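Have a look at the structure below before the remarks.
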Amino acid sequence: MFSESVTQLKHAYASGRTRPLAWRRAQLDALRRLLAKHTQDFIAAETADLGKPAAETVLMELNLVSSEARFVRHRLRSWTARHPQPMPWALQPAAGWTIAEPKGVVLIIAPWNYPVLLALEPLADALAAGNAVCIKPSELAPHTSQLIAELVPRYLDGEAITVVEGGAEETGRLLECEFDHIFYTGGERVGKIVMTAAAKHLTPVTLELGGKSPCFVDSTVNLNVAARRIAWGKFSNAGQTCVAPDYVLATADIAQALAERIALAVTEFYGENPAMSPDYGRIVNDRHFDRLCGLMSDGRVVCGGTVDREARYIAPTVLLGTRPDAPVMQEEIFGPVLPILVVEDVESAIRFIKDRPHPLAAYVFSNRRAVRRAFECQTSSGALGYSLTLAQLLSSRLPFGGVGASGMGAYHGKAGFDTMSHIKTVVSKPQFPDTLQMIYPPLHTVRTAL
Ligand code: NAD
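For the sequence shown, numbering that gives the first Met the number 0 assigns the number 0 to the initial residue and increments by one for each residue that follows.
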């Protein structure tokens, strides 16, 4: 069944139907219509899957996919045009240019935490580039997966775009098929499985992974603003966000005050009892709930710390004075637990980050230029945010992707279009004058000195 679906996509791609710009635009428009017409259905599906607040589904998922589709649609003509390049004198006379061609059939494997955004935003980029696409949503967001599987064939070209539902087993079988590009978002363990499978066919991969994204704060910033931005980034979607600040490194002079202000921001956002807030989400499943409960033991609880297993609710929790060797610092938290570690100074914070795998994002709250520059030049991360968390992903003009352990490749806007395209070099040289004869053998007359 899987290989038949993929074969059908290959036929559709080979027929040339996905190449015309008119087809691409029609699909992108249809994608936006799908989102607009079924907003309430998506809200309901995500509430069922994740207890996700309606506004979060709309603002952080539906709107972002829609604006990405609009952004790439309006730039298609220029991105698919020939881009002439100057030729070196040795090749003259000649003309050279690059042209983007679709890769072919793209497999998109999506996770559960932003189940619409992370399935359909790469879809927009893949369609813009003129590919046929197979989407594999996450089985851990089953209502959303089912909704995507139901709506995509109703709105988009069913010959060239298909949805395959299922978990590890089904994804494993899909991965046996030969694709022209695999775009995977999720954890590192499965990322390795995906890359190993791709290697068999020499298929290029984009891996959008995660990791522990640090957040440094010193005394030069307004702590109220910093606290609110950190709390928003951390506790949106109950902390189940790949670019959420995973932990805070704070200098000793402000650590306590910062912790208290983050606690205050939590109350401002979600009220005295976040369990009652319509704006606060739930943990995706029991396994993640139990895992997170095991990560709350190290550090003084400044706020939160309460849980309700039945509802898979974990209160927004701030821990102060967590030790680097605590369990919560050994894995990506991916939940609403925020440890604050006290560091001596900026140098030790940078050392701390450099000693660990490259994160998907790093955040710096400092008004000192030298501090910002030190982070920019000395640490490596998918993205770096000054005085913000999360919001770097809102722009279609900025590439989004990881580095090292947090992934490879990027998407959003032009970066996404390029990822889903092959940039082909074309060189055209007139037959006369035949200047290439200067480098034909015999070469003993050519001077080899540089
Ligand atoms: P997940 O469990 O939903 O898995 C992701 C996908 O892999 C799913 O479609 C799933 O069916 C498939 N899968 C699971 N096991 C598999 C196997 N054995 N073989 C083949 N396919 C398999 O998602 P997750 O891994 O729990 O996601 C959480 C991680 O994803 C976190 O580390 C987070 O940081 C990262 N993430 C990264 C981004 C990003 O944009 N970089 C976004 C969201 C999440």
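All C-beta atoms, glycine included, are put in the ideal place defined by N, C-alpha and C.
None of these values were measured; they are calculated from a predicted model.
Inter-residue distance for Leu248 and Pro338 is about 9 Å (C-alpha atoms, whole angstroms). Here the segment 138–147 lies against the segment 42–57, with 3 or more beta-carbon pairs under 8 Å apart. DSSP, read as helix, strand or coil, puts Ile253 in helix.
Inter-residue distance for Ile332 and Val300 is about 16 Å (C-alpha atoms, whole angstroms).
Looking from the CA of Ser405, the closest CA among Gly186, Glu343, Glu158 and Pro440 belongs to Gly186. Leu174 is not a Cβ neighbour of Phe1, given a cutoff of 7 Å. Taking Pro85 as the centre and dropping the five residues before and after it, the same chain places no C-beta closer than 6 Å to its C-beta. The secondary-structure analysis by DSSP pairs Ser427 across a beta bridge with Ala94. Just so you know, the alpha carbons of Glu343 and Leu8 end up roughly 57 Å apart. Contact annotation: Thr97 and Ile422 have beta-carbon atoms nearer than 7 Å. With respect to the 7 Å criterion, Ser235 and Pro358 are not classified as neighbours on the basis of their beta carbons. DSSP places His357 in no beta strand (DSSP E); its state is neither H nor E. Under the DSSP assignment, Leu318 falls outside any alpha helix (DSSP H), being part of the beta strand (DSSP E) whose first and last residues are Thr316 to Leu319. Between Lys135 and Thr170, the C-beta gap is smaller than 7 Å, which places the two residues in contact.
In this structure, the beta-carbon distance from Gln377 to Gly384 does not fall below 7 Å. The three-state secondary structure of His142, taken from DSSP, is helix. Residue Arg76 holds the alpha-carbon nearest to the alpha-carbon of Arg24 among Arg76, Gln39 and Lys51. The set of residues with any CB-heavy atom separation to the ligand NAD below 6 Å comprises, in chain order, Ile108, Ala109, Pro110, Trp111, Asn112, Leu117, Lys135, Ser137, Glu138, Leu139, Gly166, Ala167, Thr170, Gly171, Thr184, Gly185, Gly186, Val189, Ile192, Glu207, Leu208, Gly209, Cys241, Glu331, Phe333, Leu359, Gly401 and Gly406. The three-state reading of DSSP puts His73 in coil, since its state is none of H, G, I, E or B.
Pro244 places its beta carbon less than 7 Å from that of Cys214. Rounded to whole angstroms, Met419 and Glu3 show a C-alpha spacing of 23 Å. Just measuring C-alpha positions, the residue of Met275, Glu164, Gln91 and Thr205 sitting nearest Gln436 is Gln91. 7 Å or more divides the Cβ of Ala314 from the Cβ of Thr321. Less than 7 Å divides the Cβ of Gly209 from the Cβ of Cys241. Contact between Val216 and Leu263 fails: their C-beta atoms lie close to 15 Å from each other, not under 8 Å.
The beta carbon of Gly103 sits closer than 8 Å to the beta carbons of Lys9, Tyr12, Asn130, Ala131, Phe178, Asp179 and His180 from its chain, once the five residues preceding and following it are set aside; these are given in chain order.
Bounds of the beta strand (DSSP E) holding Val341 are Val336 to Val342. Between the segment 112–127 and the segment 25–38, the count of C-beta pairs closer than 8 Å reaches three or more; the two stretches touch. Excluding residues up to 5 positions away in sequence, Ser144 and Ala148 lie with their Cβ nearer than 6 Å to the Cβ of Glu164 in the same chain. In this structure, Ala123 sits away from Val204, with a CB-CB distance that is not shorter than 7 Å. Pairwise C-beta distances place the segment 425–443 out of contact with the segment 217–225, as fewer than three of them are shorter than 8 Å.
Taking C-beta atoms under 8 Å as the contact rule, Ala230 and Ile261 qualify, at a distance of about 5 Å. In this structure His411 is not in contact with Gly334, their Cβ atoms being roughly 25 Å apart against a cut-off of 8 Å. Excluding the 5 residues flanking it on each side, Lys51 has same chain C-beta neighbours closer than 6 Å at Glu45 and Gly280, in chain order. Annotation: the segment 125–207 contains the following complete segments of the alpha helix (DSSP H) (minimum length 4 residues), in chain order: 141–154, 167–175 and 187–199.
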